[in-house]
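Chains as they are written, first to last, in the working numbering: chain S, 2 to 170; chain H, -16 to 263.
By construction, the Cβ of each residue, glycine as well, lies at the ideal position given by its N, Cα and C atoms.
For reference, the structure discussed in these notes is given below.
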Amino acid sequence: MIQLNVRTYVLYALLILVTVILQISIVPLIRVMEVAPSIPLIGIALISLREGPTPAMLYGFPAGLLIDGYAGEVVGISSLALTIAGFAMSFFRDPEKSALLIRSGKAVTIVLFGAVIYSIVYALAYFRTLDVDIAAIVLRHVIGTSVYTAVVSTIPVLILARTGSRLRV
Amino acid sequence: MRTLLGLLQLFRDYIVLTILSGFSILLIAQSDSAAVQVLRSFSIVTLASVQASSSWAAGLFTTAQDAEALRDVNVSLMEEVMQLRRLRQENLELRRKIGFRERQSYPLVPAEIVGKNLALGQNMITLDAGSDDSIAVNMPVINEQGLVGKIVATSPGYAVAQLALHRDFRATAKVKRSRIDGFIAWRGGEHLMLQHVSRTADIIPGDTVVTSEYSNIFPPEVMIGVVRSIGPGDGGQFSEIEVEPRVNFAALERVFVVRYREDPGRMQLEERVYPSSVEN
């Protein structure tokens, strides 16, 4: 069974809601050459590394639905990408060392990996009917989004590293 | 029974992955269904108010520059309006003499853009006006430069518009000079494509492309862009015509929704005669 208490459920739900709000309000202001980071993915990475794949997917799916619904896009693309990325990132989970892992540079690498999975799934689902250059999609959207997301993820990782065990997440 | 539960427990992660992925794919396939529209409305209502309250922060840095730019635009538009008024009067007189029906003008609903999704080809914008302002799905969205897109979803206070730079966007269009008809579509990149135009058609780079009077969604003569290049296409009978949109989509801040609805009498007749016709 998933060993989560109600408080943790609510905290994770709030965390994901905040990341979705940041995604729609702040991310459009920090786009670089149409490349934007995926903030909810960072929250999903945290849940994936701490709690495992099932909670990560269960939080990633509705977050994706909210984003797609709000963007007026094809509903289901972001939820599919976040679900698969949440599952994939949990391969790096170590239940014994999760508290240390999310405070280390490895967490950024795992976010980078998750972002690559997310971007590939997204690109495959979204650009399937577009007559666009595959190399451009890979360069701009897959690599660009992944690197940008990983760079942004250094902020929460550094905050967690500096606060150490004082901040319980 | 215990074995089954044990198996479920063992493969729980994979089962959840399969169910959620399957559900996502189902949603992608049913993108236009009523249930998905309800979900969209819920997302818009929930998140648009949050975004509207945060957009003022971005506005702090651009208001002064905007005012300056708007003053310049205002001066040139006033000159243009004076000229157009004179031409309109002439046009009305001529149409009356020939016996043509008078063209309608359509009310505009001004709206501020409170959300933009231009990354990853998500070319959608969220407007701070919705069904409470009589905005409905499929109404055209324009600005002073030309055609911006069309409304695809509404809630009481907000609406989401699909930009012309969207893979699902289609509009019947025509070349203003030679009156050649075609379809405007987007296939990625910064330019639009004018499709279904014969290779022998009289079109040259620099020609202006506007919406056609054959459209069920867009009013006629709305500026779309300028022909940039004409290619041979894929060897078939049609040309590959690249159109540079007049609207600067990256700098969009305010738009107008045209309360344009197709004449129901025309729609009924067209549906009866050729039901499978394109609705753009």
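CB contact check: residue i to chain S, cutoff 9 Å
i          : result
H:ASP(-4)  : yes
H:LEU(-12) : no
H:SER195   : no
H:ILE125   : no
H:ILE213   : no
H:VAL261   : Residue placement at H:VAL261 is poorly supported in this model, since its pLDDT is 46, which falls under 50; the coordinates still yield a value, given next. It does not; no Cβ of chain S falls within 9 Å.
H:GLN251   : no
H:MET(-16) : no
H:LEU(-9)  : no
H:SER7     : yes
H:ALA31    : yes
H:LEU22    : yes
H:MET107   : yes
H:VAL238   : no
H:ASN231   : no
H:LEU10    : yes
H:LYS133   : no
H:LEU3     : yes
H:SER117   : no
H:LEU0     : yes
Opening and closing residue of the beta strand (DSSP E) in which residue i lies
i        : result
H:MET176 : 175 to 178
S:PHE114 : Counting along the chain, S:PHE114 falls outside any beta strand (DSSP E), though it belongs to the alpha helix (DSSP H) covering 106 to 127.
H:GLN145 : 142 to 146
H:GLY132 : 129 to 137
H:ASN92  : Residue identity differs from the one stated: residue 92 of chain H is Val in this sequence, not Asn. Segment 91 to 100, the beta strand (DSSP E) holding H:VAL92.
H:ILE108 : 107 to 110
S:ILE103 : Unbroken run through S:ILE103: none, as it is neither H nor E.
H:ARG153 : 153 to 158
Cβ-based neighbour list, residue i, same chain, cut-off 7 Å, excluding 5 preceding and 5 following
i        : result
H:SER7   : none
H:VAL180 : ILE163, GLY165, ILE186, PHE221, SER222, ILE224
Other residues of its chain near residue i: CB distance less than 6 Å, five sequence neighbours each side excluded
i          : result
S:MET90    : ALA46, SER49, ILE111, GLY115
S:PHE88    : PRO54, MET58
H:VAL131   : VAL124, ILE125, VAL230, VAL238
H:ALA280   : The requested residue 280 of chain H does not occur in the structure, where chain H is confined to residues -16 to 263.
H:VAL261   : Note on H:VAL261: pLDDT 46, under 50, position unreliable in the model; the coordinate value appears next. Closer than 6 Å at the Cβ level, and outside the excluded window around H:VAL261, lies no residue.
H:VAL135   : VAL143, GLN145
H:LEU(-10) : none
S:ALA82    : TYR119, VAL122, TYR123
S:ALA1     : This structure cannot speak to residue 1 of chain S, because chain S is shown only from 2 to 170.
Residue nearest to residue i in terms of C-alpha spacing, selected from the options
i        : options                                 : result
H:ALA94  : H:GLU76, H:GLY189, H:VAL124             : H:VAL124
H:ASP266 : H:SER4, H:GLY98, H:VAL135               : Nothing can be reported for residue 266 of chain H, as the shown portion of chain H is limited to -16 through 263.
S:LEU18  : H:LEU30, H:THR1, H:GLU245               : H:LEU30
S:GLN24  : S:TYR13, S:GLU35, S:TYR127, S:LEU42     : S:LEU42
S:LEU15  : S:PRO63, S:GLU35, S:LEU30, S:ILE27      : S:PRO63
H:SER16  : S:GLY44, S:ILE144, S:ILE22, S:GLY77     : S:GLY77
S:PHE93  : S:LEU83, S:GLY70, S:GLU52, S:LEU81      : S:GLU52
H:ARG249 : H:GLU196, H:GLY208, H:ILE2              : H:GLU196
H:TYR89  : H:LEU252, H:PRO247, H:ARG242, H:GLN251  : H:ARG242
H:PRO203 : H:VAL193, H:ARG170, H:VAL209            : H:VAL193
H:ARG211 : H:LEU77, H:ILE167, H:SER59, H:HIS174    : H:HIS174
H:ASP151 : H:SER14, H:LEU9, H:THR(-14)             : H:SER14
S:SER105 : S:TYR13, S:ILE156, S:SER26, S:TYR10     : S:ILE156
S:GLY70  : H:MET176, H:SER24, H:ARG78, H:GLY214    : H:SER24
H:GLN128 : H:THR191, H:ARG(-5), H:ILE11, H:ILE(-2) : H:THR191
Close Cβ partners of residue i (< 8 Å) along its chain, the five nearest in sequence each way excluded
i        : result
H:ASP115 : PRO139, GLY140
S:ALA37  : VAL28, PRO29, ILE31, THR146, TYR149
S:VAL143 : VAL117, SER120, ILE121, ALA124
H:GLN264 : Examination of residue 264 of chain H is not possible in this model, given that chain H is present from -16 through 263 alone.
S:PRO34  : Note on residue identity: the sequence assigns Met, not Pro, to residue 34 of chain S. For S:MET34, where only same-chain residues beyond five positions count, the Cβ hits under 8 Å are ARG141, GLY145.
Boundaries (first-last residue) of the alpha helix (DSSP H) holding residue i
i         : result
H:ALA119  : Element bounds for H:ALA119: n/a, residue is neither H nor E.
H:PHE(-6) : That residue, H:PHE(-6), is in no alpha helix (DSSP H); it is neither H nor E in DSSP.
H:VAL248  : Note that residue 248 of chain H is Gly in the sequence shown, not Val. First-last of the alpha helix (DSSP H) with H:GLY248: 247 to 256.
H:ILE167  : No alpha helix (DSSP H) contains H:ILE167, which is instead part of the beta strand (DSSP E) from 164 to 168.
S:ARG163  : 146 to 164
Minimum Cβ-Cβ distance from residue i to chain A less than 9 Å
i       : result
S:ILE25 : In the displayed structure, chain A is absent; the protein chains listed are S and H.
9 Å Cβ cutoff, residue i in contact with chain H
i        : result
S:VAL75  : yes
S:TYR71  : yes
S:ALA126 : yes
S:ILE78  : yes
S:GLY44  : no
S:SER154 : no
S:SER147 : no
S:MET58  : yes
S:SER91  : yes
S:LEU47  : no
S:PRO54  : yes
Complete runs of the alpha helix (DSSP H) confined to the stretch 18 to 92 of chain S [at least 4 residues]: Qualifying alpha helix (DSSP H) stretches, in chain order: 40 to 52, 54 to 72, 78 to 90.
Runs of beta strand (DSSP E) wholly within the stretch 184 to 236 of chain H (minimum 3 residues, chain order): Listed in chain order, the complete beta strand (DSSP E) runs (minimum 3 residues) inside the stretch 184 to 236 of chain H are 191 to 194, 206 to 214, 223 to 228.
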